[in-house]
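Chains as they are written, first to last, in this note's numbering: chain A, 33 to 357; chain B, 969 to 1240.
All C-beta atoms, glycine included, are put in the ideal place defined by N, C-alpha and C.
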């Protein structure tokens, strides 16, 4: 059996008093065994709901989902032996326990023999550079160390499928790299292992995932390898424009003829616009709009397309942007 | 695929979940003050009230034995009934729920760990207050009293397991609910006085809490001259029925919680 995860017309609706929110609206997904599969999408796209259904914590409103060949609705007890989940920003466990004690505790919920669990914990702590923290209280760990410990918690029980929900959120560059390296190493040990990853970081998905699905408003808007998705913007010219802050400009830029997509992110007091132009000629129209806005140009660069550019084109906005009502 | 048996996972979960409670009692020094010293002071204060009223010595015994069982009740209310609520906030509950273990095993682990911590506190109250105020107990009744004590604790933690899932349904009100239950239960269960003083109706209502009957039976056995609420054998029978009843209800409630939680994301998930 080569399929690790399969969903068919998966739908989940949250109901509260007089309101209905459609979190998933007919997701069809096929993840092969041995894949590192990324689920990308802005806040509220439905990524976490999808993961919670796949790890048996939530029931779908309709549709079907199979993980490791098991139905998440009816065969959840058996499935729970085969999966693990690690979420970003987790603060789980008990602060007064030592790191190795906390990891042992969680291993026992899966019935692992204590000596084997302790051996495995020692190996994993060493691999992630946490050996010296093994006897430290959980409450005394930095956020990077804590997240590495959480990853170890997910790995101790040797799951066949590991679900990572924003695993590097709020981590510094070094800690995030260590987490990604460990995921790669863990996958390399056994080709039948599968990782399903949700992330906000396009670079992370590009670097780590064999294939990705882009989810927006509960639907998959595109699926493929990062290279295939980038192909969709390959013929566009990608221009980064750095401007001083000022009045709202994004809609005006999107309205310029020849601008296929545009997004903006604020960094260090500078607005960084990323524009996808269907031809270089569109740049003159962009410059006219900028000039009339009174903003000052701090930099202009043309560059190769990234997964983020593909995302902006498909979703209509960047990851960091709030959705327009 | 072969997995450890359900029984093995169940037993290992109990031991693993009890572990943090046991080690916390050694590592968190402030707990010595809050869990032992402060309740001891509370018990001693009540003893002085009785002494000021020139009450017979056995009344001081009522207070000490009430103080002993009070430790367990507070543990059940604050560290068990509300625990799932805190676990949900920390994200523990969703990890417990997606592991191939049962929430009943998690709760039993909490119960064993909590009972251990409360036992050390209650022994301290019993020894210090009894020695300090020269309270003596009937040695003939000690062994049966110990048996009733064990039964009472079992019934109490079964009630705690039931309350844990019920409190989770109440979500944010869990803390207030526990707070609101505290004083009325001190009163109804006769922590500091024989429950017979409350009359049959109020005493009967109070008897829904396993402490009430357990405490009354223990007092009758080790403090001669205690006016009985109902005969000891009926109290023992009622406690055994409570163990079975609360255990059954807690299982039904947990099953319902597990099923509802998969339908309603707010019940156990951290971020929704």
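Using the beta-carbon count (16 or more within 10 Å), is residue i buried or exposed?
i: residue 1188 (chain B); result: buried
i: residue 51 (chain A); result: exposed
i: residue 995 (chain B); result: exposed
i: residue 106 (chain A); result: exposed
i: residue 204 (chain A); result: exposed
i: residue 340 (chain A); result: buried
i: residue 295 (chain A); result: buried
i: residue 259 (chain A); result: exposed
i: residue 1144 (chain B); result: exposed
i: residue 334 (chain A); result: exposed
i: residue 356 (chain A); result: Legend: pLDDT at residue 356 (chain A) = 49, less than 50; position of this residue unreliable, no value from coordinates given.
i: residue 337 (chain A); result: buried
i: residue 1018 (chain B); result: buried
i: residue 1224 (chain B); result: exposed
i: residue 222 (chain A); result: exposed
Can you tell me whether residue i is helix, strand or coil according to DSSP?
i: residue 177 (chain A); result: helix
i: residue 38 (chain A); result: strand
i: residue 128 (chain A); result: coil
i: residue 1240 (chain B); result: Note that residue 1240 (chain B) scores a pLDDT of 45, beneath 50, so its modelled location is shaky; the value from the coordinates is reported in the next line. Coil, per DSSP.
i: residue 1006 (chain B); result: helix
i: residue 204 (chain A); result: coil
i: residue 356 (chain A); result: Note on residue 356 (chain A): pLDDT 49, under 50, position unreliable in the model; the coordinate value appears next. Coil.
i: residue 59 (chain A); result: strand
i: residue 331 (chain A); result: strand
i: residue 1196 (chain B); result: coil
i: residue 1042 (chain B); result: helix
i: residue 271 (chain A); result: strand
i: residue 43 (chain A); result: strand
i: residue 1230 (chain B); result: helix
i: residue 94 (chain A); result: strand
i: residue 989 (chain B); result: helix
i: residue 280 (chain A); result: coil
i: residue 169 (chain A); result: strand
i: residue 976 (chain B); result: helix
i: residue 336 (chain A); result: coil
i: residue 182 (chain A); result: helix
Hey, could you find the ends of the beta strand (DSSP E) residue i is sitting in?
i: residue 303 (chain A); result: 302–309
i: residue 267 (chain A); result: Residue 267 (chain A) -> no beta strand (DSSP E), and no H or E assigned at all.
i: residue 294 (chain A); result: 291–299
i: residue 245 (chain A); result: 243–248
Just checking my contact of residue i with residue j at CB under 8 Å: how many whole Å lie between their CB atoms?
i: residue 1119 (chain B); j: residue 1198 (chain B); result: With 8 Å as the limit, residue 1119 (chain B) and residue 1198 (chain B) do not qualify as a contact, their Cβ atoms being about 15 Å apart.
i: residue 1235 (chain B); j: residue 1228 (chain B); result: 6 Å
i: residue 140 (chain A); j: residue 981 (chain B); result: 6 Å
i: residue 1097 (chain B); j: residue 1008 (chain B); result: 7 Å
i: residue 1082 (chain B); j: residue 1047 (chain B); result: 5 Å
i: residue 197 (chain A); j: residue 120 (chain A); result: 7 Å
i: residue 1128 (chain B); j: residue 1044 (chain B); result: 4 Å
i: residue 1049 (chain B); j: residue 1146 (chain B); result: 6 Å
i: residue 308 (chain A); j: residue 292 (chain A); result: 4 Å
i: residue 242 (chain A); j: residue 67 (chain A); result: 5 Å
Where do the ends of the alpha helix (DSSP H) carrying residue i lie?
i: residue 195 (chain A); result: Not the alpha helix (DSSP H): residue 195 (chain A) falls in the beta strand (DSSP E), residues 193–197.
i: residue 81 (chain A); result: 79–86
i: residue 970 (chain B); result: No alpha helix (DSSP H) holds residue 970 (chain B); DSSP gives it neither H nor E.
i: residue 1069 (chain B); result: Note, residue 1069 (chain B): premise wrong, no alpha helix (DSSP H); not H, not E.
i: residue 1127 (chain B); result: 1110–1137
i: residue 318 (chain A); result: 314–325
i: residue 149 (chain A); result: 146–159
i: residue 1178 (chain B); result: 1178–1190
i: residue 109 (chain A); result: 108–111
i: residue 222 (chain A); result: Unbroken run through residue 222 (chain A): none, as it is neither H nor E.
i: residue 1057 (chain B); result: 1051–1058
Report the partner residues of residue i according to the DSSP bridge assignment.
i: residue 1165 (chain B); result: None, per the DSSP bridge assignment.
i: residue 48 (chain A); result: A:51
i: residue 99 (chain A); result: A:37, A:102
i: residue 1144 (chain B); result: Answer is none; residue 1144 (chain B) lacks a bridge partner.
i: residue 69 (chain A); result: A:228, A:243
i: residue 119 (chain A); result: A:197
i: residue 256 (chain A); result: A:244
i: residue 251 (chain A); result: A:248
i: residue 64 (chain A); result: A:35
Looking at residue i and the ligand NAD, is the gap between the Cβ and the nearest heavy atom below 7 Å?
i: residue 208 (chain A); result: As for the ligand NAD, it is missing from this structure, which has no ligand bound.
| message | Please identify, using Cβ separations under 9 Å, the residues of the stretch 126–148 of chain A that lie next to chain D, in order along the chain. | response | Among the protein chains in the structure shown, which are A and B, there is no chain D.
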